[in-house]
Amino acid sequence: MDINRPIYLVLITGVIISGVIFASAFVLHLVMPSGMEVVNALALIGAAVLIFTPYVRVVVALGAFCFNREYKFAVLSLIVLVMMIVSFVAGLLFHII
Amino acid sequence: MLEITHQLTFLGLTFAAGFIGALLGIGGGIIIVPALTIMFGVPIKEAIAISIVTVVATSISGGSSYVEQRITNIRLAIFLETSTTIGAFVGAMLVLVVSGNYLYVVFALLAFYLAASQILSVKREVKRTESNDFMNITQDRVSRYLNLRGEYFDAAINHKVEYLVKNSILGWIVSFFAGLGSALLGVGGGIFKVSLMNIFMNVPLKAAVATSKFMIGVTAATSAILYFVAGLVNLEYLAPAALGTMLGATVGTALMNKIKVGWLKVFFFLLMCYIGYNMLGKGLLLTLGMRLPFI
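Line by line, the protein sequences are chains A and B.
At position 57 of the first sequence the residue is numbered 57 (our numbering), and the sequence of numbers has no breaks.
Counting from 1 along the second sequence, just add 1000 to a position and that's the residue number in our numbering.
Here is the structure:
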C-alpha cells in the first residue's frame, strides 16, 4: 500500500470538516452577531475536529505500516502516539499551562 | 464581540501567516502572536493559545497538500517525530522547575548560525537541485537501516529530485532539542526542523519544508488541548484565525513548488535573521534587562 494515500485522506477529511464548520461559524458571526452561543459552539467543534486529526493521522500511519509489514516504522509511529498521550496526560496532571 | 472590520482584518492577517508558513514549513506563530498582542490587544497567553490552534490548522491543511503533491517524506517525519515529541515532553516538564529565559540567547545564536548557513548554501543547493545531485553521499548506519530516502518532482525546474538522508543520529538529537525548545519558549518548532533537515541531513529544501509542515501538527495538537483545558482559547477569534490560516496555507502550498529554490532560501534567511534578533532581544531583556530596538 502507498503510505501517502491513507494519510492524505485523514488530513484532507480533517481539513474539510473543520474548514466547513469554521466557515459556518465565521459567516454566522457576520450575518447574525447576536447568535454568539452558536458561533462559539461551532468554533469549539471545529477546533475539536482539527486537534483530533493529527492523533488520527498517527494511528492510521501505525495501521498502514503494520499492513505493509514495515514494522520498524510501525514501532516509531507507536512511540509518537504514546508520547502524544503521555504529554497530554502529564500536562493535565501537572497543570503545565 | 468583535466588529466585522476587525474580523476581516484578522482573517487577512492570519491568511498572510498561513501563506508564509506554508512556503517556509513553519507554524506562523511568530507572525500571529505579535499581531494579536500588538494590533488587537489580546493578552499574551491567549494569543499563544490561538496561535497554537492555528499551527494545527496550517499543519494539516498545508500538510495534506504536500502529501498529495508527494513532496513530504512521511518516514523521515515519523522518525524525527519520536525525538521531537520526547523533547517537547521533557521541555514541558522542565518548564515547571527552570526558566527558559537563558535559552532564548542559545536559540538566538543557533538561529543566526542557521541563517548564515542558509544564505551561504544558496548557490550549492540550486546547483545540486538542478543537477539532481543529492544521491552522491554516504549514509550513516541508522539512515541505511531505516532506508531513509526520498524524491519529489520540482515544478520550478521540471524534473525529479532524488535524495538520500544522512546524519540521522545527529538529526534525531537536534530534533529532540527543537521539541524541547519549542516547549520551553513556545516558538521555533518548524524553523529549526527545516534547517536541520536541509543543512545537516541532506534533504532538499522543498522536501524539508513539506516534511516540517507535516510534523509540527503533532506537538501542536497536544499543546492545543492543554490550552483548551486551561480555558485560554478565546472562541471569538478562533473561527477567523483557523479559517484564515487554512486558506493561506492552501494558497501557499499550491505556490511553493513553483518557486525557485534559491528564492525560498533567501526568504528563509530573512526569516531566520528576524527570529534570531527577536529571540536575542527577548533573552537579553529577560536575563540582563537590556532592551534592543524594536523588541
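The beta-carbon is built from N, C-alpha and C at its ideal position, and this holds for glycine as well.
Keep in mind it's a predicted model, so treat the numbers as computed, not measured.
Have a look at the options and flag the residue whose alpha-carbon is nearest the alpha-carbon of residue i.
i	options	result
valine 1165 of chain B	B:Leu1185, B:Ala1183, B:Arg1141, B:Ala1178	B:Arg1141
tyrosine 8 of chain A	B:Ile1004, B:Leu1008, B:Ile1295, B:Ser1059	B:Ser1059
valine 1233 of chain B	A:Pro6, A:Met84, A:Ser87, A:Ile51	A:Ile51
methionine 83 of chain A	B:Thr1222, B:Tyr1237, B:Asn1202, B:Met1279	B:Thr1222
glycine 1063 of chain B	A:Val15, A:Met1, A:Asp2	A:Val15
lysine 72 of chain A	B:Gly1289, B:Arg1075, B:Ile1071	B:Arg1075
alanine 1210 of chain B	B:Ile1119, B:Val1090, B:Gly1027, B:Met1279	B:Gly1027
threonine 1299 of chain B	B:Gly1041, B:Ile1216, B:Val1261	Outside the shown range of chain B (1001 to 1295) lies residue 1299 of chain B, about which nothing can therefore be said.
asparagine 1257 of chain B	B:Ser1099, B:Phe1267, B:Ile1071	B:Ile1071
lysine 1265 of chain B	B:Gly1018, B:Lys1123, B:Gly1021	B:Lys1123
tyrosine 1152 of chain B	B:Val1229, B:Lys1206, B:His1006	B:Lys1206
valine 31 of chain A	B:Ile1004, B:Met1039, B:Thr1037, B:Gly1025	B:Ile1004
List the DSSP bridge partners of residue i.
i	result
phenylalanine 1153 of chain B	B:Lys1160
phenylalanine 1134 of chain B	B:Tyr1163
Taking Cβ-Cβ distances shorter than 8 Å, what residues in chain A pair up with residue i?
i	result
threonine 1222 of chain B	Met84, Ser87, Phe88, Gly91
arginine 1149 of chain B	Within 8 Å Cβ-Cβ: nothing; arginine 1149 of chain B doesn't reach chain A, min ~14 Å.
phenylalanine 1089 of chain B	Met83, Val86, Ser87, Ala90
Using a C-beta to C-beta distance shorter than 8 Å, which residues of chain B count as neighbours of residue i?
i	result
proline 54 of chain A	Val1056, Ser1059, Ile1060, Gly1217, Val1218, Ala1220, Ala1221
tyrosine 8 of chain A	Ser1064, Val1067, Glu1068
At 9 Å on the CB atoms, spell out the chain B contacts of residue i, in chain order.
i	result
valine 58 of chain A	Ile1078, Glu1081, Val1218
Among residues of its own chain, excluding the 5 on either side of residue i, which ones have a beta-carbon nearer than 6 Å to its beta-carbon?
i	result
alanine 1241 of chain B	Thr1014, Ile1050, Thr1054
aspartate 1154 of chain B	Val1161
alanine 1208 of chain B	Val1194, Met1197, Asn1198
serine 1117 of chain B	Ile1199
Residues in the same chain with beta-carbon distance under 8 Å from residue i, minus the five sequence neighbours each way, listed in chain order, please.
i	result
arginine 1291 of chain B	Gly1281, Leu1284, Leu1285
glutamine 1132 of chain B	For the record, residue 1132 of chain B in the displayed sequence is asparagine; it is not glutamine. The answer, listed in chain order, is His1159, Lys1160, Val1161, Glu1162.
isoleucine 1259 of chain B	Leu1023, Ala1156
alanine 47 of chain A	Ser18
isoleucine 988 of chain B	One cannot answer for residue 988 of chain B here, as it falls past the ends of chain B, which runs 1001 to 1295.
Under the assumption that residue i contacts residue j (Cβ atoms under 8 Å), give the Cβ distance between them as a whole number of angstroms.
i	j	result
asparagine 1101 of chain B	glycine 1150 of chain B	In fact, because the Cβ distance is near 38 Å, the residues do not count as touching under 8 Å.
methionine 1197 of chain B	serine 1182 of chain B	16 Å between Cβ atoms; not a contact.
isoleucine 1199 of chain B	leucine 1114 of chain B	7 Å
alanine 23 of chain A	leucine 1235 of chain B	Not a contact, Cβ separation roughly 15 Å.
leucine 1184 of chain B	glycine 1091 of chain B	5 Å
glycine 1248 of chain B	alanine 1016 of chain B	6 Å
glycine 1021 of chain B	glycine 1252 of chain B	7 Å
Using a C-beta to C-beta distance shorter than 7 Å, which residues of chain B count as neighbours of residue i?
i	result
isoleucine 45 of chain A	Ordered by position in chain B, no residue passes the 7 Å Cβ test against isoleucine 45 of chain A, which lies about 11 Å from the chain.
phenylalanine 22 of chain A	Ala1239, Ala1242, Leu1243
valine 38 of chain A	The premise fails here: valine 38 of chain A is roughly 11 Å from chain B at the closest Cβ pair, so nothing lies under 7 Å.
isoleucine 51 of chain A	Val1056, Ala1221, Ala1224, Ile1225
Starting from the C-beta of residue i, find all residues in its chain whose C-beta is less than 7 Å away, skip the five residues before and the five after it, and write them out in chain order.
i	result
leucine 62 of chain A	Ala74, Ser77, Leu78, Leu81
valine 1033 of chain B	Ala1047, Ile1048, Ser1051
asparagine 1202 of chain B	Phe1134, Ile1137, Tyr1163, Leu1164, Val1165, Lys1166
Consider the C-beta atom of residue i and the heavy atoms of the ligand SAM; say whether any pair is separated by less than 6 Å.
i	result
leucine 1076 of chain B	The ligand SAM is not among the ligands present in this structure, which contains no ligands whatsoever.
Which chain A residues sit within Cβ distance under 7 Å of residue i?
i	result
leucine 1235 of chain B	Asn40, Ala43, Leu44
glutamine 1139 of chain B	None at all; the shortest Cβ gap to chain A is about 15 Å.
valine 1229 of chain B	Leu92
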